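J.: Below you will find the structure I want to go over with you.
2 protein chains.
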Amino acid sequence: MSEVYAARRTRLRDHCQAGGSQSALISRPANVRYLAGTDPHGAVLLLGKTEDVLVCADPPDRRPTEGRLDEALRIHPLPGAGGDAAVAAAGLAAAQGGGDSLAVEEHHLTVARHRAIRSVAPRLRLTDLGGAVEQLRIVKDEEEISCLRIGAEIADQALGELLESILVGRTERHLALELERRLIDHGADGPAFPTSVATGPNSGRRAHRPTDRRVEEGDFLSVCLGATYRGYRCEIGRTFVIGTSPADWQIELYDLVFAAQRAGRESLVPGAAYRDVDRAARQVLDSAGCTEGLAPLTGHGVGLEIDEDPQLAPAAMGKLDACVPVTVEPGVHFPGRGGVRINDTLVVRPEADGGPELLTITTKELLAL
Amino acid sequence: MSEVYAARRTRLRDHCQAGGSQSALISRPANVRYLAGTDPHGAVLLLGKTEDVLVCADPPDRRPTEGRLDEALRIHPLPGAGGDAAVAAAGLAAAQGGGDSLAVEEHHLTVARHRAIRSVAPRLRLTDLGGAVEQLRIVKDEEEISCLRIGAEIADQALGELLESILVGRTERHLALELERRLIDHGADGPAFPTSVATGPNSGRRAHRPTDRRVEEGDFLSVCLGATYRGYRCEIGRTFVIGTSPADWQIELYDLVFAAQRAGRESLVPGAAYRDVDRAARQVLDSAGCTEGLAPLTGHGVGLEIDEDPQLAPAAMGKLDACVPVTVEPGVHFPGRGGVRINDTLVVRPEADGGPELLTITTKELLAL
């Protein structure tokens, strides 16, 4: 595995040198993990002129859920509790070659840390690395996709088991907790994000936080969950109807959101513009008059974070590549009445390879539970 | 409740004006909640020259777990997904009175946001608010302490129920999940931090992340958990021994950590230096030769965050006031063998009021389970 991390660091180093920086300081945790294999609390990674160093207070743990440290990296321990790893790393960078420039993640580093770095290494010219590591992270290798696939299987299993149990009378919060327990039972590191269970008037709300409302006959029930597996996070969302037979409005609304979600999925081809994927799903809802309260995005990348680049949104710039995992998650919510949300994680693949690979395979038929 | 938030904002405004700033931009979520009553995702609070405004993408929810919005505050909605609340708030500040200065939380604001603020409001002089809100938050009012007290009762209940169940053969991860479920059952918003369950060689490790190791006869079992209640977070930690009778080394080690923890608790009086509380506990362990691998701190403040000011550590500056809730949590861990950690949340009270108020009342006798 170590070669993977070293290769990623080489790509980033090439990028920095093309931009005129000899070294880079990586502080965003998911970026540290991507490049070092692990991200102990508070750790930063120095891509140095002469040596790469992981600076952290606690030596990294070797358990698989915390990642596997690239053994080629030198570990620089921080003494005591008050030390700032970013400041210590800047000191190391200055020692490696005074007068050079250091690229930092200005979108993550605080003003106070930036100032502390300037004062400990006044001769280093600080530049902005921007989202360079986030850009590298967009296209996944097969090892990463394999972690996402296992995570999706775990989420499918947890959801499948829940559907076999009695739901009426149970609260959103208890259902969410049970799903999270089942994720762990099936081998997840943990939930990929706070599990969302929404019933009745709450159904269809994006990122709804579970309440004490109980499931009732006739409700829509929307569930959104995901597993983290070896650091990689996926997402699945489904909406069900409670009771023997859905009402007409429920069937119509479900069919509409299903059609929008399918349109989004089918537009996932290498080379498709992010905004076109969004538009494909969005215009199905628009044309049915569901324009109020639509979410600002139809989907997003997933990986070491649950909400990564790209954003599938009307103003997003860029095009999909093969091996980019994204969610497709349109939804409609009518205040006071509820709604529908359907969410899959898929990997963009060329048509010659069979088109988009669906990771979350739970049925999207409207189940009456 | 609204008066409480308005009064807090007035105190902060006085502080800012004494420092020469007419307005302040609060971005750290716990600080926003402290001053506005709620902190929707991504929200910032502008303490303006003429008006206070909460800038957020999603209008705040009114559920009690999310806090109660101060109704006197104006809400300024952010259009779309790409907007940055801090930048929008700086624009409002500039519109309220151009040419003035705006104090920002440099320890929270990123370099990129700081730069975006400068470009949207180039005539505003940006100054550093520092940890002014964190300082205001140290001393709690009785309403806040009441939330901590209820949270502690919930944690005590969850722990008490776990102790009545069979423990041998269950994994750390499952015990942690069960504790978290019980916290919710008893009315917590959620866990105050990831519940830690550590068995055998893991026992006594600070912030140990639960593994698949199963509880065995003869183990030490250390548990650390806390409830969030109306946003306030408390912490309790206990160590037990599994089996009918503890070994001699276990009894000795337990007595030592208990003595250290008691020394820390007994030194919690208004006016005591933070470092002296730390020293009181630490020197008990030191004098027994347990100097290796001691945590850098003996305790810390709790409130809207689980790890707040003050830090009870050797180099900490400052003195305790009445109505400051802190943890006292010394521990010893021998690699490969395990250890003991005992942790209470207490509120500093004057001796005339009965001395420190213990919120976490589960027994600290060494229980053999």
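Residue numbers (my numbering), protein chains in the order written: chain E, 1 to 369; chain H, 1 to 369.
Just so it is clear, CB atoms sit at the ideal spot from N, CA and C, and this is done for glycine as well.
In this text the structure is predicted, and so the values were computed from the model without any measurement.
#1: From residue 33(H) to residue 50(E), what distance separates their C-alpha atoms?
#2: Taking the straight line between their C-alpha atoms, what separation do you get for residue 6(H) and residue 193(H)?
#3: Going along the chain, which residues of the segment 277 to 310 of chain H sit with their C-beta nearer than 9 Å to a C-beta in chain E?
#4: With a threshold of 8 Å between beta-carbons, can residue 328(H) be considered close to chain E, or not?
#5: Taking only beta carbons into account, state which residues of the segment 163 to 180 of chain E come closer than 8 Å to chain H, listed in chain order.
#6: Within the continuous beta strand (DSSP E) that includes residue 311(E), where are the two ends?
#7: My output table needs one value for residue 349(H): the three-state DSSP class, helix, strand or coil.
#8: For residue 40(E) and residue 69(E), what's the separation of their Cα atoms in angstroms?
#9: When you check each C-beta in the segment 108 to 125 of chain H against every C-beta of chain E, which residues fall closer than 9 Å?
#10: With contact counted as at least three CB pairs below 8 Å, one residue from each stretch, are the segment 337 to 346 of chain E and the segment 17 to 37 of chain H in contact?
#11: Could you work out which residues of chain E lie near residue 26(H), taking near to mean beta carbons separated by less than 7 Å?
#12: Are the C-beta atoms of residue 235(H) and some chain E residue less than 8 Å apart?
#13: Just the chain H side, please: which residues come within less than 8 Å of residue 251(E) by C-beta, in chain order?
#14: Applying the 10 Å Cβ sphere with the 16-neighbour rule, what's the burial state of residue 195(H)?
#15: Since residue 106(E) meets chain H, which of its residues come closer than 8 Å, beta carbon to beta carbon?
#16: Do the CB positions of residue 126(H) and residue 102(H) come within less than 8 Å of each other?
#17: If I'm right that residue 214(H) touches residue 244(H) with Cβ under 8 Å, what's the distance once you round it to whole angstroms?
#18: Using a Cβ-Cβ cut-off of 8 Å, state whether residue 184(E) counts as contacting chain H.
#19: Using only CA atoms, which one of 345(E), 291(E), 229(E) and 311(E) lies nearest to residue 256(E)?
#20: I need the boundaries of the beta strand (DSSP E) containing residue 24(H), first residue and last residue.
#21: Within 10 Å of its beta-carbon, does residue 287(E) have 16 or more other beta-carbons around it, so buried, or fewer, so exposed?
#22: Mind reading off the beta-carbon distance from residue 23(H) to residue 46(H)? Whole number of angstroms is fine, and I expect it under 8 Å.
#23: According to DSSP, residue 343(H) sits in a beta bridge with which residue or residues?
#24: Along the chain, where does the alpha helix (DSSP H) containing residue 416(E) start, and where does it finish?
#25: Name the one or two DSSP bridge partners that residue 360(H) has.
#26: Spell out the partners DSSP gives residue 214(E) in its beta bridges.
#27: Please report the distance separating the alpha-carbon of residue 285(H) from that of residue 239(H).
#28: Whole angstroms are fine: how far does the CA of residue 312(H) sit from the CA of residue 318(E)?
#29: On a Cα-Cα basis, can you pick out the residue from 158(H), 96(H), 315(H) and 202(H) that is closest to residue 191(H)?
#30: For residue 427(E), count neighbouring C-beta atoms within 10 Å of its own C-beta (all shown protein chains included) and say buried if the count is 16 or more, exposed if not.
#31: Mind pulling the beta strand (DSSP E) runs of 3 or more residues that sit fully within the segment 265 to 342 of chain H?
#32: Report the rounded CA-to-CA distance for residue 178(H) versus residue 263(E), giving the unit in angstroms.
#33: If you pair each beta-carbon of the segment 270 to 280 of chain H with each one of the segment 317 to 333 of chain H, do three or more pairs fall below 8 Å?
#34: Consult DSSP for residue 137(E) and reduce its assignment to one of helix, strand or coil.
#35: Taking contact to mean at least 3 C-beta pairs separated by less than 8 Å, is the segment 112 to 132 of chain E in contact with the segment 88 to 98 of chain E?
T.: Working from what's here:
#1: 45 Å
#2: 29 Å
#3: 295, 296 and 297
#4: no
#5: 173, 174, 177 and 180
#6: 308 to 312
#7: coil
#8: 10 Å
#9: 108, 109, 110, 111, 112, 113, 114 and 115
#10: no
#11: Within chain E, no residue comes near residue 26(H); the closest Cβ sits about 14 Å away, beyond 7 Å.
#12: no
#13: Result: empty, since nearest Cβ-Cβ is about 29 Å, beyond 8 Å.
#14: buried
#15: 110, 111, 112 and 115
#16: yes
#17: At roughly 19 Å, the Cβ-Cβ gap does not stay under 8 Å, so residue 214(H) and residue 244(H) are not in contact.
#18: yes
#19: 291(E)
#20: 23 to 26
#21: exposed
#22: 7 Å
#23: 237(H)
#24: Any property of residue 416(E) remains undetermined from this structure, which presents chain E solely from 1 to 369.
#25: Answer is none; residue 360(H) lacks a bridge partner.
#26: 171(E)
#27: 17 Å
#28: 50 Å
#29: 158(H)
#30: No answer is possible for residue 427(E): the residues shown for chain E start at 1 and end at 369.
#31: 299 to 301, 308 to 312, 325 to 328, 331 to 334 and 338 to 341
#32: 41 Å
#33: yes
#34: helix
#35: yes
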